[in-house]
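If you number the sequence shown the way UniProt numbering does, the last residue is 142 and the count never jumps. We put the CB at the ideal spot given by N, CA and C, even for glycine. Everything numeric in this text was worked out from a predicted model, so none of it was measured. Notes for the one structure printed next.
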Amino acid sequence: MKTELNVPSDLKFLGIVESWLLGCLEVELGESPDWSRQSTRFRLALVEAYSNVVRHAHKDKAELPVVMCLELKDNDITLEVWDHGQGYDLATYLPPDPEQKQEGGYGWLIMNRLMDRVEYRLQIDGRNCLKLEASVPGLQQE
Numbered sequence: 001m002k003t004e005l006n007v008p009s010d011l012k013f014l015g016i017v018e019s020w021l022l023g024c025l026e027v028e029l030g031e032s033p034d035w036s037r038q039s040t041r042f043r044l045a046l047v048e049a050y051s052n053v054v055r056h057a058h059k060d061k062a063e064l065p066v067v068m069c070l071e072l073k074d075n076d077i078t079l080e081v082w083d084h085g086q087g088y089d090l091a092t093y094l095p096p097d098p099e100q101k102q103e104g105g106y107g108w109l110i111m112n113r114l115m116d117r118v119e120y121r122l123q124i125d126g127r128n129c130l131k132l133e134a135s136v137p138g139l140q141q142e
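What follows is the structure in structure tokens.
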């Protein structure tokens, strides 16, 4: 199964983004005994990715689209989030220090903890791609 969603860069569309993801996953994983944990895992990762695009990559540019692609194949789920921002240099990322009690900077850490693989590619045909991948044991594709 492969599907795509295009939405404006505005947090008021966050509910639509979540509903799209959860609806697609429920069709494929709804019978899984681990449905609740898996759906929460992917929802949190996508919410973090989408909100980062809106707040940072497309800051004050709600007219720019965010494109999300979801693919389920065998036991693997791939979620891509495409943006038109300048991009982020991961070489400059420093994980937050819990002692500092800082408010931001946790997104990359959260996504890496939730997913099996996280990849960020800068400027592919004028866009950036955040790719989130995870294996779901027992996922049966028809």
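Look at Asp-125 and Val-54 and say whether their C-beta atoms are less than 8 Å apart. no
Buried versus exposed, by CB contacts within 10 Å (16 or more), Asp-83: buried
If you check the beta carbons only, do Met-1 and Glu-48 fall under 8 Å apart? no
Kindly confirm or deny that the stretch 67 to 80 and the stretch 19 to 36 touch, where touching means at least three C-beta pairs closer than 8 Å. yes
I need the straight-line Cα distance from Asn-75 to Thr-40, nearest angstrom please. 17 Å
Same chain, Cβ closer than 6 Å to Leu-5, five either side skipped, listed in chain order: Trp-20, Met-68
Compute the beta-carbon to beta-carbon distance between Leu-109 and Val-118, rounded to the nearest angstrom, for a pair I have assumed lies under 8 Å. Not really, about 10 Å apart at Cβ, beyond 8 Å.
Less than 8 Å between the beta carbons of Val-7 and Pro-65, yes or no? yes
Arg-113 versus Val-136: straight-line alpha-carbon distance, rounded: 15 Å
So for Val-136, helix, strand or coil by DSSP? coil
For Val-27, which residues of its own chain have a beta-carbon under 8 Å away from its beta-carbon, when the five flanking residues on both sides are left out? Met-1
For Tyr-120, which three-state DSSP category applies? strand
Extent of the continuous beta strand (DSSP E) run through Leu-79: 76 to 83
Compare the Cα-Cα distances from Lys-61 to each of Gln-100, Leu-29, Gln-86 and report the closest residue. Gln-86
Report yes if the C-beta distance between Tyr-13 and Leu-25 is below 8 Å; otherwise report no. For clarity, residue 13 is Phe in the given sequence; the question names Tyr instead. It is not a contact, given that the beta carbons lie outside the stated cut-off.
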